[in-house]
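Data block below; observations after.
Number of protein chains: 2
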Amino acid sequence: MGIFSKTCEYAVRAVFFIAQRTADGSRVGIKEIAVNIDSPEHFLAKILQDLSRRGIIQSVKGPNGGFYLDAQSLARPLSDVIEAVDGGGIFRDCGLGLKECSSKNPCPLHHDFLDVRNRLQNMLESITISQFNEDLNLGIVVLKK
Amino acid sequence: MGIFSKTCEYAVRAVFFIAQRTADGSRVGIKEIAVNIDSPEHFLAKILQDLSRRGIIQSVKGPNGGFYLDAQSLARPLSDVIEAVDGGGIFRDCGLGLKECSSKNPCPLHHDFLDVRNRLQNMLESITISQFNEDLNLGIVVLKK
DNA sequence: ACAATAAAAGATATTTATATCTTTTATTGT
DNA sequence: ACAATAAAAGATATAAATATCTTTTATTGT
Ligand code: FES
Ligand code: FES
Chain A
3 MGIFSKTCEY AVRAVFFIAQ RTADGSRVGI KEIAVNIDSP EHFLAKILQD
53 LSRRGIIQSV KGPNGGFYLD AQSLARPLSD VIEAVDGGGI FRDCGLGLKE
103 CSSKNPCPLH HDFLDVRNRL QNMLESITIS QFNEDLNLGI VVLKK
Chain B
3 MGIFSKTCEY AVRAVFFIAQ RTADGSRVGI KEIAVNIDSP EHFLAKILQD
53 LSRRGIIQSV KGPNGGFYLD AQSLARPLSD VIEAVDGGGI FRDCGLGLKE
103 CSSKNPCPLH HDFLDVRNRL QNMLESITIS QFNEDLNLGI VVLKK
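Residue numbers (my numbering), protein chains in the order written: chain A, 3 to 147; chain B, 3 to 147.
Written out as structure tokens, the structure is:
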């Protein structure tokens, strides 16, 4: 596992893809998403169902249905996706696994970890779901391979 | 899971504890380590066996035996423990799970991730296993609860 | 040599994360 | 109403991480 769970990696890649693909108001199906972000289709379906229930993404069933993002969702910080999938532990938990992280009774790495964690959090809170749409269109950044 | 695997968290806490407890040349047994870092004894035993095989820590069997750290081990950077247990993926892998991380074909988060990752790596490479011995003695930092 | 000690190694169990397949429900166009 | 579509939900399956228990091996002091 990397810094995020595999589930969360798929979620973020999918959300970026949906943002790019539906900026024009259309919808995109699970199959197409899975192919384009290189994820197992049925597993991704579960993940997106969950994100949909939580209101992080939108979906409609039936013909011409699929997943999309409304204006509010497009503007969300990426940290909302991370929190929804992995929980906020990555922003709050002790890096050495102590039951609680605090400056009273800190672990040896507390000070340094706090810095790294805060940087990560600031980064993910300042990135929006839609901000890479153009770079994705231009192929400057990619979501697979 | 946090930024490291549970296995790795136990490993780091154990290594810090062994460093502090054996700075005087003595050894410390698995039971005592497990109690003091609040980890499952037998599981930790496996982890330390592995670290011992890899030369990250030292051990002797029999009466008055136990785990300890030689001068070389005491001076190791903490990153060596992380690499031994979790592999170096945390320092190298794409944050979004792409098969390879590179500035050719970067994922959307590549630039920002690189920064966070490098900070983490620099931090772990500049911390030595023994550098918290005194703070641990003084109770300024802790390895459990 | 012997008994005691403590880690190493082996075998197995449990839990969690990841993945797949099937059935159901909502929506759309005819 | 009906047929087609696509997500939602449910039921399993597989793999990996975490955990426990038992047996073996090396070392020490007597
Ligand atoms: S106590 Fe460990 S990171 Fe804060
Ligand atoms: S390609 Fe994703 S972090 Fe480098």
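Built from N, CA and C at the ideal position, the CB exists for glycine as well.
In this text, all values refer to a predicted model and were calculated from it rather than measured experimentally.
- Nearest neighbour of residue 106 (chain B) by Cα position, chosen from A:12, A:122, A:29, A:141, turns out to be A:141.
- Close CB contacts of residue 30 (chain A) within its chain, under the 8 Å cut and outside five residues either way in sequence, are with 19, 20, 23, 24, 68, 69, 70 (chain order).
- Residues lining ligand 1 by the Cβ criterion, that is a Cβ closer than 6 Å to any of its heavy atoms, are A:96, A:97, A:98, A:100, A:103, A:108, A:109, A:111, A:112, A:115 in chain order.
- Within the DSSP secondary-structure output, residue 30 (chain A) pairs in a beta bridge with A:69.
- When CB distances to chain B are screened at a threshold of 9 Å, the residues of the segment 70-95 of chain A falling below it are 80, 88, 91, 92, 95, in chain order.
- With the rule of 3 Cβ pairs closer than 8 Å, the segment 84-91 of chain B counts as touching the segment 5-19 of chain B.
- Under the three-pair Cβ rule at 8 Å, the segment 110-120 of chain B counts as touching the segment 125-140 of chain A.
- Interface flag for residue 5 (chain B) against chain A is set, since a Cβ pair is found closer than 7 Å.
- According to the DSSP secondary-structure assignment, residue 62 (chain B) is paired through a beta bridge with B:68.
- Closest in alpha carbon position to residue 78 (chain A), among A:64, A:66, A:56, A:65, is A:56.
- In the structure shown, residue 130 (chain B) adopts extended strand secondary structure according to DSSP, grouped into three states.
- Measuring C-alpha to C-alpha distances from residue 145 (chain A) to each of B:65, B:63, B:96 identifies B:96 as the nearest.
- Around the beta carbon of residue 62 (chain A), fewer than 16 other beta carbons sit within 10 angstroms, so the residue counts as exposed.
- If you draw a straight line from the Cα of residue 94 (chain A) to the Cα of residue 103 (chain A), it comes to about 7 Å.
- By the Cβ-count criterion, residue 64 (chain A) is exposed, with fewer than 16 other Cβ atoms from all chains shown falling within 10 Å of its own Cβ.
- Distance between residue 92 (chain B) and residue 72 (chain A), taken at the CA atoms: about 34 Å.
- Taking a C-beta cut-off of 9 Å against chain B, the contacting residues of the segment 17-35 of chain A are 18, listed in chain order.
- Neighbours of residue 140 (chain B) in chain A, taken as residues whose beta carbon is under 9 Å from its own, are absent, since the nearest beta carbon is some 12 Å off.
- Only residues of its own chain outside the window of five on either side were considered, and among them 96, 98, 100 have a CB closer than 6 Å to the CB of residue 109 (chain A), listed in chain order.
- Put simply, the backbone Cα of residue 139 (chain B) is about 34 Å away from that of residue 3 (chain A).
- The C-beta of residue 124 (chain A) comes no closer than 7 Å to any C-beta of chain B.
- Taking 7 Å as the cut-off, the beta carbon of residue 5 (chain B) is found closer than this to the beta carbon of residue 5 (chain A).
- Counting of Cβ neighbours within 10 angstroms places residue 45 (chain B) among the exposed residues, the total staying below 16.
- The segment 42-123 of chain A is shown to contain whole alpha helix (DSSP H) runs of 4 or more residues at 43-55, 73-76, 80-88, 91-94, in chain order.
- Taking 7 Å as the cut-off, the Cβ atoms of residue 35 (chain B) and residue 47 (chain B) do not count as close.
- From the beta-carbon of residue 99 (chain B), the residues of chain A found nearer than 7 Å are 4, 8, 11.
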